[in-house]
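Reviewing the structure listed below.
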Amino acid sequence: MRAVDLFAGWGGFTLGASQAGADVVWAANHWPLAVEAHAANHPRATHVCQDLRQADWSKLPAHDLLLASPACQGHSSASQPSRRRYHDELRATAWAVVDCADVCEPAALVVENVPSFRRWRLYPLWRQALELIGYELTELVLRASHHGVPQRRDRLFLVGLRNGRRVEVAEGGAEPGFGPCIEPAVGHTRWTSVASASTAVKARIRKGRANHGYRFLTQHVTGHPGVGLDEPIRTITTKDQWAYVEGDRYRPLTVRETARAMGFPDSYRWPREASRCDQIKGLGNAVCPPVARDIVRAVMEAA
Ligand SMILES: C[S@@+](CC[C@H](N)C(=O)[O-])C[C@H]1O[C@@H](n2cnc3c(N)ncnc32)[C@H](O)[C@@H]1O
């Protein structure tokens, strides 16, 4: 199956689709660094760096599967009313998916977003537009930790098939713990002693210690209860918020640990000039490849 990936970012969706056997032939994003990262890992695809609200869809290569992760910030629970105009612009990226499907009419599409995307006031209209174009839609909320990813991350996947069929994706089984993602003692990590931390951080670490013992994860969120290493980490966002605590010291997670927690293999490459901030942003925005693999596999069987 030939696929295109809109808002392709760091390439999590493409990687999972490729693992399922799809051939991703075209990928686009407006962030040059993301295009570079994607191209380094998926050189077979044609790459385009552009604002997809302005795209000429008639120029896309022939494809059967449309993958798309329109910007999610406008729909996430972190949205603030004061940022309304900015978020309206982000939400508008979802209409690019409708435009593309209308022009190209691929046999199948999969749109990924945060579950609260369904609370967007135009969501019923947006969904109906895809139905009018001819897609039978299935709404799935999948939890990454049920697909072998050591992260409890819920995401909405809207699957559309033109043949009228619906798609099912099995979920369940034991959730993997984050522990094996920890890199062994590495010199470059920035350890801080708990004794020199702020009062708020000390209080959080005390709480995590009471709940989980000597080694655990903590998130820079007031009152966070910590996460044991035998459990999946909770949602990784675009913000650099997670730290690993070991006894009387703590450090931020490394980029590699964060990538592992998203289900990316260690062989995945990042642009050399990407800052830590960019790398965490690209990862926090990504689709977990194993989830993408499972859903695209189900779509390929049903299409
Ligand atoms: C949720 S992320 C996509 C993640 C990607 N599917 C992955 O698995 O790595 C959304 C991406 O859309 C990009 N984006 C946002 N607005 C855009 C626009 N108007 N045109 C093109 N890309 C845009 C952002 O730079 C971001 O990389």
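Take the sequence shown: its letters are residues 1 to 303, numbered as in this note's numbering.
Don't be surprised by glycine CBs; every beta carbon is placed ideally from N, CA and C.
On a predicted model such as this, the values are computed, not experimentally measured, just so you know.
One or two residues paired with residue i in a DSSP bridge
i, result
"Asp-5", "Ala-27 and Leu-67"
"Leu-158", "Val-111 and Glu-139"
"Glu-246", "Arg-215 and Arg-249"
"Ile-182", "DSSP output for Ile-182 lists no bridge partner at all."
"Ser-193", "Arg-249"
Contacts around residue i, its chain only, beta-carbon distance under 8 Å, and the 5 residues preceding and following it disregarded
i, result
"Tyr-135", "Ala-101, Leu-109, Gly-160, Leu-161 and Arg-162"
"Asp-240", "Pro-252, Arg-276, Cys-277 and Ile-280"
"Glu-105", "Ile-133, Gly-134 and Arg-162"
Spatially closest choice to residue i from the options, by CA coordinates
i, options, result
"Leu-130", "Gly-177, Asp-99, Trp-10 and Lys-239", "Asp-99"
"Arg-165", "Gly-177, Ala-298, Leu-6 and Trp-57", "Ala-298"
"Asp-278", "Pro-32, Phe-13 and Leu-15", "Pro-32"
"Tyr-244", "Pro-176, Gly-263, His-212 and Arg-272", "His-212"
"Cys-181", "Trp-270, Pro-271 and Val-255", "Val-255"
"Glu-171", "Tyr-123, Gln-54 and His-147", "His-147"
"Ala-92", "Leu-125, Cys-104, Leu-65 and Pro-61", "Leu-125"
"Ala-210", "His-220, Pro-225, Val-221 and Ala-200", "Pro-225"
"Arg-293", "Leu-229, Thr-14 and His-47", "Thr-14"
"Gly-247", "Trp-270, Trp-191, Gly-223 and Ser-198", "Trp-191"
"Leu-65", "Ala-40, Asp-266 and Ala-22", "Ala-22"
"Val-97", "Gln-54, Thr-138, Ala-62 and Ser-116", "Gln-54"
"Leu-229", "Thr-238, His-220 and Glu-257", "Glu-257"
"Ala-62", "Pro-271, Ile-205 and Met-1", "Met-1"
Proximal residues to residue i (C-beta, below 6 Å), its chain only, five neighbours per side dropped
i, result
"Arg-153", "Ala-144 and Thr-235"
"His-38", "Ala-8, Gly-11 and Ala-27"
Run of the alpha helix (DSSP H) containing residue i, from where it starts to where it stops
i, result
"Asn-41", "32-41"
"Gly-208", "199-212"
"Thr-93", "93-104"
"Cys-49", "That residue, Cys-49, is in no alpha helix (DSSP H); its beta strand (DSSP E) goes 46-49."
"Pro-290", "289-302"
"Val-149", "Taken as a continuous stretch (DSSP letters only), Val-149 belongs to no alpha helix (DSSP H), as it is neither H nor E."
"Glu-231", "Per DSSP, Glu-231 belongs to no alpha helix (DSSP H) and is neither H nor E."
"Val-169", "Premise fails: Val-169 is in no alpha helix (DSSP H) and is neither H nor E."
"Arg-260", "255-262"
Test item: CB-CB of residue i and residue j under 9 Å
i, j, result
"Tyr-268", "Val-194", "no"
"Val-291", "Arg-155", "yes"
"Ser-18", "His-42", "yes"
"Ala-3", "Val-35", "no"
"Leu-158", "Leu-132", "no"
"Ala-107", "Ala-274", "no"
"Val-201", "Leu-217", "no"
"Ala-20", "Met-300", "yes"
"Thr-138", "Glu-168", "yes"
"Arg-204", "Gly-173", "no"
"Gly-16", "Pro-289", "yes"
Residue i Cβ short of 8 Å to ligand 3 heavy atom set
i, result
"Ala-94", "Because ligand 3 does not appear in the structure shown, any question about it cannot be addressed here, the ligands present being ligand 1."
Residue-chain proximity (residue i, chain D), Cβ-Cβ < 9 Å
i, result
"Arg-2", "No chain D appears in the structure shown, which is made up of a single protein chain."
Cβ neighbours of residue i in the same chain (closer than 7 Å, five flanking residues each side left out)
i, result
"Ala-286", "Gly-9, Trp-10, Gly-12 and Met-262"
"Pro-232", "Ser-145, Pro-150, Gln-151, Arg-152, Glu-175, Pro-176, Gly-177 and Phe-178"
"Val-103", "Trp-57 and Ser-58"
"Ala-94", "Pro-70 and Trp-126"
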